[in-house]
Structures are given as structure tokens and as C-alpha cells.
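Protein chains: 2
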Amino acid sequence: MEVADRLHSAAIHLLRRVRKQDTRAGVGPAQLSALSVLVFGGAHTLGQLAAAEQVKPPTMTRVVKGLERTGLVTRFADRNDGRRIQIRPTPKGARLLQQARKRRIEHLARQLAARTKQELSALDEASRILEELLKHWA
Amino acid sequence: MEVADRLHSAAIHLLRRVRKQDTRAGVGPAQLSALSVLVFGGAHTLGQLAAAEQVKPPTMTRVVKGLERTGLVTRFADRNDGRRIQIRPTPKGARLLQQARKRRIEHLARQLAARTKQELSALDEASRILEELLKHWA
DNA sequence: TCAATGTAGTTAGCTATGCTAACTAAGTTA
DNA sequence: TAACTTAGTTAGCATAGCTAACTACATTGA
Numbered sequence: 003m004e005v006a007d008r009l010h011s012a013a014i015h016l017l018r019r020v021r022k023q024d025t026r027a028g029v030g031p032a033q034l035s036a037l038s039v040l041v042f043g044g045a046h047t048l049g050q051l052a053a054a055e056q057v058k059p060p061t062m063t064r065v066v067k068g069l070e071r072t073g074l075v076t077r078f079a080d081r082n083d084g085r086r087i088q089i090r091p092t093p094k095g096a097r098l099l100q101q102a103r104k105r106r107i108e109h110l111a112r113q114l115a116a117r118t119k120q121e122l123s124a125l126d127e128a129s130r131i132l133e134e135l136l137k138h139w140a
Numbered sequence: 003m004e005v006a007d008r009l010h011s012a013a014i015h016l017l018r019r020v021r022k023q024d025t026r027a028g029v030g031p032a033q034l035s036a037l038s039v040l041v042f043g044g045a046h047t048l049g050q051l052a053a054a055e056q057v058k059p060p061t062m063t064r065v066v067k068g069l070e071r072t073g074l075v076t077r078f079a080d081r082n083d084g085r086r087i088q089i090r091p092t093p094k095g096a097r098l099l100q101q102a103r104k105r106r107i108e109h110l111a112r113q114l115a116a117r118t119k120q121e122l123s124a125l126d127e128a129s130r131i132l133e134e135l136l137k138h139w140a
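The listed protein sequences derive, respectively, from chains X and H.
The working numbering puts the first residue of the first sequence at 3, with every later residue one more than the last.
The working numbering puts the first residue of the second sequence at 3, with every later residue one more than the last.
This is the structure:
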């Protein structure tokens, strides 16, 4: 379908550009993305985090190890279930994520600055439609 | 900025969903993406391909090796410059890419089917604005 | 009660993908 | 034609994905 195609392509190329800003964070993309889930969604168990990131548990074990080694998250025991491991961002982790996110958003915002008010509101409306779409995704 | 933020988030989540369709292609994301450049853009030198994919030449050397090993691309010498290596998709490579792309687009199109005509045209317009934005990206 | 079953996470080991540094080979220039 | 530049590869490292097999804890049911 025509719209699907155009949307798909635009999303790919947009993210490819924006992602380049992450180089300076000094943290890989998987770690950054997992950290983002924790900073915006609060503590998660390893399994919840793996599900949220759509990766298998062994992958998340290693991602969390990396984040822990650099002091960006801490792990603590679950009170109700001795098998579960809760993971929480440290203040350092929250700070780093916010900065990385700021770089991405500001970079994109700079590009958008040259657009007209009409175009910006069209983009805003489209984003809201997509949010709705994602909420009901089959 | 508000719009940048919303757009960024929508693009991330959209692609994450769509990308899951690629599992069945049996080819990694970097290979699939490079193959897409070749199928839609014709033969490229290794360096052009690396630039298009925003990776360094050594990375692309290996990606191309993988594609070559599974018979999805072929390499041939550049007539004008003996240092250059041209890379071209094979019929098998073109076929595989088209199928993978079809799966992605159709999956997205199925989700879009529940939207109104107005919403679809808003998404289409936004995609065109983004294409324009990407063209003049600083 | 406690043995069988299920669930959460880790470890080991493979592949793919990213990088830099250092190299080879081919073109360009002074 | 010697010096420099450019294209690509090789080697070696880190990250990130997977499956299979394991440990530890929780739940279930005879």
C-alpha cells in the first residue's frame, strides 16, 4: 500500500539520522533503549525488561550486566519471589539517559525549525494518529 | 520540542513492530538493509554502500561477504578504477528482498486498514513532509 | 508433605554487526 | 617516478542477538 510504504521509509530514514546523536552517550543502542524503559517506566524485573525490549532473557541478562558495570542501573531482590531480579536506574543512569534523549530530540527539533507552522501541525497530528495505531496494534 | 518528541517516539515504536516481520527472511538486519539499497538503487561500490548505510567500510566488507556467501549479491570489478568493487544483487537477492519488504509493508497496511480516509491522508502528507525534511537534513 | 512440574534467570557458545588500526593495491600529482 | 591519496581488506576488539542447558525458587497435586 502506498501510505504504508511511504511511512515506513520515512520512519527508517528519520531514525537513522537521529540515532547518530547517540554515539556520544558512550553506551550501545540496546543498553540505551533498556535504560530508557527503566527511566520512564520505573523498576522492572529482568523478564519484564526483556519483554518490553522484545529480546530473549539471556540477551537482557547481558545488557543489564553492561549497564550495571558502568553504574547506570542497580539490581535488587524481589520481596515476593526469590527468583526475580528487580532492576532500577541509578541517578547517574537517569542523568545519562536524559542527556542522550535531549540530544536526539533537540537535533530533530533543529531540523524541524525550518518547517512552516502548518507542516509542524501536520506532523504532530500524524504522530498522534500513529500513537493511536500502536495502541491497538494486532 | 513537543512535535519532535512525539514524532521520535512514534517512529521508534512503529519500526520496532514492523521489524519483527523480518525474522522469517533468515538474513540479519544489516544485510537486509544493504540489500535493499542495492535492489532499489542498483549496483554500488563498497564505499558507496557503506556511506548509504552510514557504517564504516570494514563493516560493509563483512556485510557484503555474508550476502555473497548466501548468493544474494555478486561482486565485479569497476572498469574505470581497479581499486573499486561493484556490488549487485542477484535475482535470488532481489526476490528475497521484495518478499521481506512485502511482509513489512503488508503488515503495516493491515494495521492502517482500520483508519479513516482522513487519517490516512494525514499520514501520507506527514510522510511527504518528512521526506522533504530528510532531503535537506543538516 | 514432598515429588513433579513450571518459571526466572544465568552460563556457554554460536553468529552478526559495529568500531579502530594497520595493511595492500591502485590511482593521482608534483 | 616518488610521494601522496583513496578503496578495500584483515585483524582484533566490544556489543547484541539467538538456542541449549543449567540452577534456584515457586507451585501443584497425590
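Every residue, glycine too, gets a C-beta built ideally from N, C-alpha and C.
Can you tell me which of the three DSSP states residue i falls into?
i, result
"H/R90", "strand"
"X/T76", "strand"
"X/H46", "strand"
"X/E55", "helix"
"X/A111", "helix"
"X/G95", "helix"
"X/M3", "coil"
"X/G84", "coil"
"X/H10", "helix"
"X/G68", "helix"
"X/R18", "helix"
"X/R106", "helix"
"X/V41", "helix"
"H/R142", "Outside the shown range of chain H, which is 3 to 140, sits residue 142 of chain H, and nothing can be said about it."
"X/A32", "helix"
"H/A27", "helix"
"H/A124", "helix"
For a quick check, are the C-beta atoms of residue i and residue j less than 9 Å apart?
i, j, result
"X/A36", "X/L69", "yes"
"H/R77", "H/R90", "yes"
"H/G95", "H/V66", "no"
"H/P59", "H/G49", "yes"
"X/S129", "H/R8", "yes"
"H/I131", "X/R117", "yes"
"X/V39", "X/L98", "no"
"X/D24", "X/R106", "yes"
"H/A79", "H/E55", "no"
"X/V5", "H/D83", "no"
"H/A133", "X/S11", "For clarity, residue 133 of chain H is Glu in the given sequence; the question names Ala instead. Yes, Cβ-Cβ distance for H/E133 and X/S11 is below 9 Å."
"H/Q88", "H/H138", "no"
"X/L114", "H/M62", "no"
"X/V41", "X/Q100", "yes"
Can you find a C-beta in chain H that's less than 9 Å from the C-beta of residue i?
i, result
"X/Q100", "no"
"X/L51", "no"
"X/M3", "yes"
"X/L122", "yes"
"X/L135", "yes"
Is residue i close to chain X, meaning its C-beta is less than 9 Å from at least one C-beta of that chain?
i, result
"H/R117", "yes"
"H/D126", "yes"
"H/Q56", "yes"
"H/R130", "yes"
"H/H138", "yes"
"H/L40", "no"
The segment 97-111 of chain H touching the segment 12-29 of chain H, judged by at least three CB pairs closer than 8 Å: yes
Give me the subset of the segment 69-84 of chain H whose CB atoms are less than 9 Å from a CB atom of chain X, sorted by chain position. none
Under 9 Å (Cβ pairs) to chain H, residues found in the segment 87-114 of chain X: R103, R106, I107, E108, H109, L110, A111, R112, Q113, L114
Closer than 8 Å, Cβ to any Cβ of chain H: which residues of the segment 6-24 of chain X, in chain order? A6, D7, R8, L9, H10, S11, A12, A13, I14, H15, L16, L17, R18, R19, V20, K22
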